[in-house]
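Engineer: So the protein sequences, as listed, match chains A and B.
For the first sequence, the working numbering assigns the number 2 to the initial residue and increments by one for each residue that follows.
For the second sequence, the working numbering assigns the number 94 to the initial residue and increments by one for each residue that follows.
Glycine included, every Cβ here is placed at the ideal spot set by N, Cα and C.
Input: one structure, supplied below.
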Amino acid sequence: MSVEKERLTAYVLDEVEATERAAIEAALAADPELRAEVEELRLLGGELRTVLAAEPEPIFDPKRRQAVEHGPATLGSRGLTYLASWLRWPVLVPVAVCGLLLIVFLSRGPEITPDSKVVETPVPDSAEAEVVAVVPPPVEAAPEPGRAQPTAPRTGTVPTEVAATTAGAEAERTGFQPPPVEPTAMPVQQADQLVALATPPPTPLPQPRPKRDGVLSHLQGVALFDETSSSFGGAGPLMMRTLTPPGAPVMADEGISLPGAQGDPNFNTEAYDRIRDNPFKDPRQDPLSTFSIDVDTAAYANVRRFLERSALPPPDAVRIEELVNYFDYAYPEPTGKEPFAVDVEVNQAPWKPEHRLLRIGIKGRTMKSQARPAANLVFLLDVSGSMNHPDKLPLVQRSLRLLVEQLGPSDRVAIAVYAGSSGLVLPSTPGSEGATILQALDRLQAGGSTNGGQGIRLAYDVARQHFVPGGINRVVLATDGDFNVGVTNRGELTRLIEDQAKSKIFLTVLGFGSGNLKDAQMEELADRGNGQYAYIDRLQEARKVLVEQLGGTLQTIAKDVKLQLEFNPAAVKAYRLIGYENRVLAKEDFNDDTKDAGELGAGHTVTALYELVPSEVAFEFKGVDPLKYQQTAPSGKGTMELGTLKLRYKEPEGSRSGLLAFTLRDKGRKAPERSPDFAFAAAVAGFGLLLRGSEYKAGSSYTQVRELTTPGLARDPHGYRREFLGLVDRAERLALPPPIPDPLPTGEAEPTGGGR
Amino acid sequence: MSETKGDFVRVCLADHGSHLLRYARRLTGDPERAQDAVQETFLALWRADHEGLRPRILPWLLAVCRNKALDRNKKERPMVALQEGSAPSVEVSPQDGALAREREWRVRTALDALPERQQEVVVLKFQNGLSYREIAEVTGLSVSNVGFQLHVALKTLRERLAEDKTAGGAA
């Protein structure tokens, strides 16, 4: 089939409908010449964008700007321009200034000064603070502390319980239905959450941001592109008053300073996707549990931000797997040719000792930084007005500084920005010219609103032009999340990102600042781009993501990593995957190589936890009568086969997946035998359950979380785990008033809603 | 959300002011006239129904700006040059980026040699990121004509740049 050239151009420019697109793609698949032509057109388009973006942007004459800003109502456009131009004549200055002042005062109110050099910086510390602080509905009270917990675990390593079996074996087919994602019943609590979603999400509470050394003054030194733009759209008190949900609970707790000052003005536009806890499943009906790994850690930094501002995070901001995966665990390094190793441990579930907790740990091969292939990085920075905040652009600049310092002469960096317009502020520059790169970073300023679509094209174009075969080719997007590409272009954007990922340019998304965070959208973008999403709230976090994990954040060592567990109904009465709610896959997706999944970076560890109900423990599925004819195989104590774990992954450049399979065994270990890392992961998961007010939190308590954390503190080179303890304390204080004693009878094995 | 018209105009100015100036300058070939055209465009925005415009503000601004710029060209003197500021400033150094820079210069030169109409659609597409439909809205061409003009422009550019290739491609 032949394709008309004009339509081919339209195709390259994303101007064809789905049907035509499919037809053209079919033709492309069959015709290498046509493909070459498409590639050439794409390259030319990229060059044009680069060249045109580099054209200087003229500056609008300030006098005309003023005329435009005040509108035709004041004097008429010409009049004001002319009046302003008189200012050049010294004699007339006093008169003119008085006149202008008067006019301005009468027409616009006193906040506009005739001197355009005066910049109104919307620093949240400023005075007008008639703001009611809103705290998200308190998470359900924690059960009483110190509830029947096994003794502290002893330290020491526990041998892995993995027996590698049939690597490369074909997975079996089953005739079961895909595991339903819906929970069996909607707990009462969810009703509130739905309301909370319908209204702006429960908000972090506005908090005067402590002035960070030097940052604020730096900010004020940044000349705004337009002094009024940033005070609109960001501007605080007005928007906050109108958007605060009426009757929203206001919590003022002594001991927690509830600031009277105004907070982040954009806070109520944060968007989180709804999370429903994975329910317990019956292996007789759903023997297979399939999910994609998740190496994102953004939720942890985001939760920390809430807690540090003395607010409990909204439950949907708490993605438990991201909390758990924020931390590094000492899983064994891979020794074979596989890019990662798998480590499994089973022990009592701390919050429900009669249940078992299965921990799967994956460790990606560590790359020495010398061994790291050359990097071709294009930073795409959001410099819209909303980025004009100490937590945002200045932090972006300082964070990227850290990264730039890690680069070698064979690496390249380019910087593109987007706001109302997009442009290339630094063409691709070798890492050895650090000073040039840093200068370009320092010159950045915020102003204007966001139009990400053009910017991301530009960034990909630059990355394409300097593509390093076999190297790290990556666009690093830093934004506060207002990634506005216009209503019609959302699909186009995701397609663009996917296409680029297919041709080996990946996307990392770094979230900055608060109040405007389109969390779900940013995570999705990173996923589409085979990359990671991290939330950066401070320089320390930037160091963790960009420096310590440089290899990991930048280098994918395996992609589309999927896990599938088949549980043995004879040993497991019920199982529940903790977290990973938005990573659950249909069982068919496991063997389907076209289905995308998570990427594993060099040195990364990924942890997944399952809560298992052993067959001998009583358990009833909510809303389902006990099955009468399905055999419940009784099984003895001691070692038994819990099931099989299968992993699929692709090499970073590959398109076919390999398969690994392991048998899972439970040796019946008790709490004292658990490893410090196991305890720590369980602590973080328990913390997540508490923050989410999960119906599965059972006997979790802040006290218990602290106890579980302790043994793991021995290995805490960067102090992350100690910091976690601090957050636990904060959350506990915020979760006051004291919990109502938990009436759950101890012998009962059913997980009840919220432990009441 | 109560956003006043003034707020809206100021946001548009911040977002798109420099776009419009760049575009107007290309059309008028004169910085001063470009400034005038942009000023008039935003004053027209004050008079317009901003709620209705919100979703398609950039094409609207560009269209108005285009009319204002072309009006000025008619009234005052004929267009001097479609594009200025693209004076060949190639420092040919044996450095790493030299080849790439030379290539960029070639792209720019080839672009400037295109017929005005084609230049304009290329700029609207690749500098302002408009869709065919939006370009049609701005220029008054039909959507299919926009597609045709862009196709021809890209074809010509490819041919011209391929001719240069004897001098050595880049990047």
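Taking only the alpha-carbon atoms, compute the straight-line gap between P627 of chain A and N279 of chain A and give it to the nearest angstrom.
Structural biologist: 21 Å
Engineer: Which residues in chain B have a C-beta closer than 9 Å to the C-beta of Q501 of chain A? List them in chain order.
Structural biologist: Chain-ordered listing is empty here: chain B has no CB closer than 9 Å to the CB of Q501 of chain A, the nearest sitting near 17 Å.
Engineer: Would you kindly work out how many angstroms separate the C-alpha atoms of A331 of chain A and T606 of chain A, rounded to a whole number?
Structural biologist: The alpha-carbon of A331 of chain A is positioned some 8 Å away from that of T606 of chain A.
Engineer: Which first and last residues belong to the beta strand (DSSP E) in which E346 of chain A is found?
Structural biologist: F341 to A350
Engineer: Between the stretch 40–55 of chain A and the stretch 17–28 of chain A, are three or more C-beta pairs nearer than 8 Å?
Structural biologist: Note that the stretch 40–55 of chain A does not touch the stretch 17–28 of chain A; fewer than 3 beta-carbon pairs, one per stretch, sit closer than 8 Å.
Engineer: In chain order, what residues of the same chain have a beta carbon less than 7 Å from the beta carbon of K353 of chain A, not counting five sequence neighbours either side?
Structural biologist: A699 and G700
Engineer: For the stretch 689–711 of chain A, list every residue whose C-beta sits within 9 Å of some C-beta in chain B, in sequence order.
Structural biologist: Answer set for the stretch 689–711 of chain A: empty.
Engineer: For chain B, find out if any of its Cβ atoms is closer than 8 Å to the Cβ of K393 of chain A; answer yes or no.
Structural biologist: no
Engineer: By the DSSP assignment, the beta strand (DSSP E) with D667 of chain A in it spans what residues?
Structural biologist: The continuous beta strand (DSSP E) containing D667 of chain A extends over residues G659 to D667.
Engineer: Suppose you measure from the CA of E344 of chain A to the CA of R539 of chain A; what does that come to, to the nearest Å?
Structural biologist: Strictly speaking, residue 344 of chain A in this sequence is Asp, with Glu absent from that position. Cα to Cα, the separation comes out at about 32 Å.
Engineer: Of the choices A:F307, A:K6, A:G472 and A:D481, whose alpha-carbon is the least far from that of F507 of chain A?
Structural biologist: When only C-alpha atoms are compared, the closest one is A:G472.
Engineer: Under a Cβ-count criterion, where at least 16 other Cβ atoms within 10 Å of its own Cβ denotes burial, should P395 of chain A be classed as buried or exposed?
Structural biologist: buried
Engineer: Three-state secondary structure (DSSP) at L359 of chain A?
Structural biologist: strand
Engineer: Beta carbons nearer than 8 Å to chain A: which residues of the stretch 204–228 of chain B have them?
Structural biologist: L204, V215, V216, K218, F219, Q220, N221, G222, S224 and Y225
Engineer: What's the call for A535 of chain A, buried or exposed, on a 16-neighbour Cβ count within 10 Å?
Structural biologist: Burial state of A535 of chain A is buried, judged by a 10 Å Cβ sphere holding 16 or more other Cβ atoms.
Engineer: Would you say G46 of chain A lies against chain B (beta-carbon separation less than 8 Å)?
Structural biologist: yes
Engineer: Measuring straight from C-alpha to C-alpha, what distance separates R103 of chain B and A376 of chain A?
Structural biologist: 40 Å
Engineer: Mind listing which residues of the stretch 2–25 of chain A have their C-beta closer than 9 Å to chain B's C-betas, in chain order?
Structural biologist: K6, E7, R8, L9, T10, A11, V13, L14, D15 and E16
Engineer: Could you give the DSSP three-state label for R539 of chain A: helix, strand or coil?
Structural biologist: coil
Engineer: Using a Cβ-Cβ distance under 8 Å, would Q242 of chain B count as near chain A?
Structural biologist: Output row for Q242 of chain B: interface = no.
Engineer: Tell me which residue opens and which closes the alpha helix (DSSP H) that Q286 of chain A is part of.
Structural biologist: Q286 of chain A -> no alpha helix (DSSP H), and no H or E assigned at all.
Engineer: Please classify R458 of chain A: is it buried, with 16 or more other beta-carbons within 10 angstroms of its beta-carbon, or exposed?
Structural biologist: buried
Engineer: So the candidates are B:G240, B:T249, B:L163 and B:E252; which of them puts its Cα closest to the Cα of E7 of chain A?
Structural biologist: B:G240
Engineer: Whose C-beta lies closer than 7 Å to the C-beta of P124 of chain B among residues of the same chain, with five residues either side of it excluded?
Structural biologist: Only R118 meet the Cβ criterion.
Engineer: Could I get the ranges of all uninterrupted beta strand (DSSP E) runs contained in the stretch 287–321 of chain A, with 3 residues as the minimum, in chain order?
Structural biologist: 289–293
Engineer: Taking the straight line between their C-alpha atoms, what separation do you get for E18 of chain A and R731 of chain A?
Structural biologist: A direct Cα-to-Cα measurement between E18 of chain A and R731 of chain A gives close to 53 Å.
Engineer: Quick check on P152 of chain B - is its C-beta less than 8 Å from some C-beta in chain A?
Structural biologist: no
Engineer: Thinking V215 of chain B and L223 of chain B are a contact (beta carbons under 8 Å), I'd like their distance in whole angstroms, please.
Structural biologist: Between L223 of chain B and V215 of chain B the Cβ distance is about 11 Å, and since that is not below 8 Å, they are no contact.
Engineer: Applying the 10 Å Cβ sphere with the 16-neighbour rule, what's the burial state of F468 of chain A?
Structural biologist: exposed
Engineer: Quick one: list the residues of chain A neighbouring V77 of chain B, beta-carbon separation under 7 Å, in chain order.
Structural biologist: This structure cannot speak to residue 77 of chain B, because chain B is shown only from 94 to 264.
Engineer: Compare the C-beta of E197 of chain B with all C-beta atoms of chain A and state if any pair is closer than 8 Å.
Structural biologist: yes
Engineer: From the DSSP output, in three-state form, read off D443 of chain A for me.
Structural biologist: helix
Engineer: Do V397 of chain A and L378 of chain A have their C-beta atoms closer together than 8 Å?
Structural biologist: no
Engineer: Near H109 of chain B, what residues of its chain come up, given a Cβ to Cβ distance below 7 Å and the 5 sequence neighbours on each side ignored?
Structural biologist: Same-chain partners within the cutoff: L151 and L154.
Engineer: For L247 of chain B, go through chain A and note every residue whose CB falls closer than 8 Å to its CB, in chain order.
Structural biologist: T10, L42, L45 and G46
Engineer: Using DSSP bridges, identify the partner residues of L564 of chain A.
Structural biologist: A:F292 and A:L648
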